[in-house]
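Residues in the sequence shown are numbered consecutively from 3, following our numbering. Here's the structure we're looking at; comments come further down.
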Amino acid sequence: MKKNLLRSRIIVLSALIAITAFFISCQKEYVEPTVSTQETLRKATASPMAENFESGTKTAYTAASVTLTSGSWYFNDALLGTLSTDRKNGTKSARIRNTGKITMQFDYANGASTVDIYHAKFGTDATSTWDLYLSTNGGTSWTKMGSTVTTSSTTLTKVSFTVSQSGNVRFEIRKISGGTARINIDDFTINDYSGGGGGGGTPSCDDNMALGNPSGAVTSTSYPNNYLMTKTQYTMSYNDSKRTCNWVSWHLSTAWIGTTPRQDDFRADVTLPAGWVQVGATDFSGSGFDRGHMCPSADRTGSVADNSATFLMTNMIPQAPINNQQTWVNLENYCRTLINAGNELYIISGPWGQGGTGSAGAKTLISTKNIVVPAYVWKIVVVLPVGTNDVTRITSATRVIAIWTPNTQSVSSAWGGYRTTVDYIENQTGYDFLNSVSTTIQSAIESTVDTGATS
């Protein structure tokens, strides 16, 4: 009897062990989730990569991932805005506040030649600044691209960054100005890397201030006489006390040139801070001085918006008619022959001093708004063959044209006779030009007077 009972218990125990072993063998091993390589490669087939922020839903600023058409993005202090005060090309755009950021959580495998982003102020918020960062190692480390962008308009404006990076790339947009002011980001596009890194390639619209900020201008009303204004077409330092720019900086290649006619819509720049005097279209009338463009109309004919932007009065100085219509135009025309010959240019121009002579005689101020008439007008032109990674391609042999002309009616139409060194213009103005270039190369190219062709 006892033996039969023991035998029964052994049989039951064996059955339990077998059942347990069966269930253990059927359990799935837990694997830590990873980013799908197949998904990343699928994204690379959509070329160029474009994100319009129309898909997905994120209505709170709380940090979280959101699935968009291009892939998964991480929004920190950011959301997808749908309000009437959100600036957007469709029904949604990204909205960022404080020091928030939006980050790609996937790699784009085709690399990036350039990145295009549209940006604007949310509602009636104050001006903000932001940066674009690149990662080539899956987000482990990041590198800032180009110059800090200032968002001061309530109209979506495109900014283009030159990247020139092959292989896997991902990007992050960081709002750096902090505070409660919000910005909208829309239509983010990565244009595929096409190879190369030196001369050659397709001309593009590059960073207007790639070679540096000569006066350390900032977008702050605490610095009204060195106020940074960033537009798609050019960047400038504005001087509220003089009612003119200190300098204007722009890039020029055939990519900026089209068939748009001259708009001639001279007007006040309403993006100046509230309370500042705005110079109007007729404030130079009867003064004997032209409304002299710094960034020329003919350098921005790619679109009506581009050309129209050159007629803002912040881009004008009181310029003696002969200087403007002969000397200056001849140099501008020569610059455009250079880009038609396969070059791209970085140009900085501005006024200096007080007291010029126009068609109605010598004056130091014009208009009841006390607009300062400059004594001199200067320009610096850096000439490079079309290519990428422009700053790194500048050498001690790079051609640099620098001119310093009197703002008078007696000036010669031949601009070549006014060539000088960048060092001379720096000594006169106190600015530090080409400061993105190594100091060794600066020493060489800034101390040399150009002797190249003038026509």
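For every residue, glycine included, the Cβ atom is placed at its ideal position computed from N, Cα and C.
If you look at Ile-443, you'll find it in the alpha helix (DSSP H) that goes 441-447. Only residues of its own chain outside the window of five on either side were considered, and among them Cys-207, Asp-208, Asp-209, Asn-210, Ala-212, Glu-346, Leu-347, Tyr-348 and Ile-349 have a CB closer than 8 angstroms to the CB of His-253, listed in chain order. Take the alpha-carbon of Asp-452 and the one of Ser-149: they are about 28 angstroms apart. Two segments are said to touch when three or more pairs of C-beta atoms, one from each, lie closer than 8 angstroms; by this definition the region 137-148 does not touch the region 87-96. Annotated three-state conformation of Trp-354 is strand, per DSSP. The beta carbon of Ser-143 is closer than 7 angstroms to those of Ser-137 in its chain, skipping five residues each way along the sequence. Within the same chain, Val-374 come within 7 angstroms of Lys-244 by CB-CB distance, once the 5 residues on both sides are set aside. Listed as beta-bridge partners of Arg-395 by DSSP are no residues whatsoever. Residue state for Glu-334 is assigned as helix, using DSSP reduced to three classes. Taking Gln-167 as the centre and dropping the five residues before and after it, the same chain places the C-beta of Gly-113, Ala-114, Leu-136, Thr-138 and Tyr-195 closer than 7 angstroms to its C-beta, in chain order. For Gln-167, the enclosing beta strand (DSSP E) stretches over residues 159-167. With respect to Thr-101, Gly-180 sits close: the two C-beta atoms are nearer than 8 angstroms. Contact annotation: the region 309-316 does not touch the region 333-340, with fewer than three C-beta pairs closer than 8 angstroms. Out of Ile-185, Arg-293 and Tyr-120, the CA that lies nearest to the CA of Gly-83 is found in Ile-185.
Annotation for Glu-428: the continuous alpha helix (DSSP H) segment containing it runs 424-431. When rounded, the separation of the alpha-carbon atoms in Trp-354 and Tyr-110 is 47 angstroms. Relative to the Cα of Ala-270, the nearest Cα in the group Thr-303, Asn-227, Ala-219 and Thr-316 belongs to Thr-316. Assignment of beta-bridge partners to Asp-118 by DSSP yields Ser-162 and Thr-191.
Fully enclosed alpha helix (DSSP H) runs of no fewer than 4 residues occupy 306-311 of the region 295-332, in order along the chain. Counting C-beta atoms within 10 angstroms of its own C-beta, Thr-339 has fewer than 16 neighbours from the protein chains shown and is therefore classed as exposed. Within its own chain, the residues whose Cβ lies closer than 6 angstroms to the Cβ of Arg-421, once the five positions on either side in sequence are excluded, are Ile-405, Val-451 and Asp-452, listed in chain order.
Of the other Cβ atoms in all chains shown, 16 or more fall within 10 Å of the Cβ of Pro-408; this residue is therefore buried.
At the C-beta level, Ile-187 and Ile-175 come within 8 angstroms of one another. When beta bridges are read from the DSSP output, Trp-252 appears opposite Ile-349.
In this structure, Gly-288 sits away from Gly-363, with a CB-CB distance that is not shorter than 8 angstroms. A straight line joining the alpha-carbon of Val-424 with that of Ala-219 spans about 19 angstroms. Annotation for Leu-230: the continuous beta strand (DSSP E) segment containing it runs 229-232.
Between the region 114-134 and the region 154-167, the count of Cβ pairs shorter than 8 angstroms is three or higher; the stretches touch. Between the alpha carbons of Ser-74 and Val-384 lies a gap of roughly 41 angstroms.
Within the DSSP secondary-structure output, Leu-367 pairs in a beta bridge with Val-374. In this structure, DSSP gives Gly-419 a helical state, which the three-state scheme calls helix.
For the 8 angstroms CB-CB criterion, Pro-205 and Ser-255 form a contact. In chain order, Ser-351 and Ile-405 place their CB closer than 6 angstroms to the CB of Lys-381, counting only its own chain and leaving out the 5 sequence neighbours on each side. Membership of Leu-436 in any beta strand (DSSP E) is not indicated, and neither H nor E is assigned to it by DSSP. In this structure Gly-214 is buried. Its beta-carbon is surrounded by 16 or more other beta-carbon atoms within 10 angstroms.
Rounded to the nearest angstrom, the gap between the Cα atoms of Ala-416 and Leu-70 is 57 angstroms.
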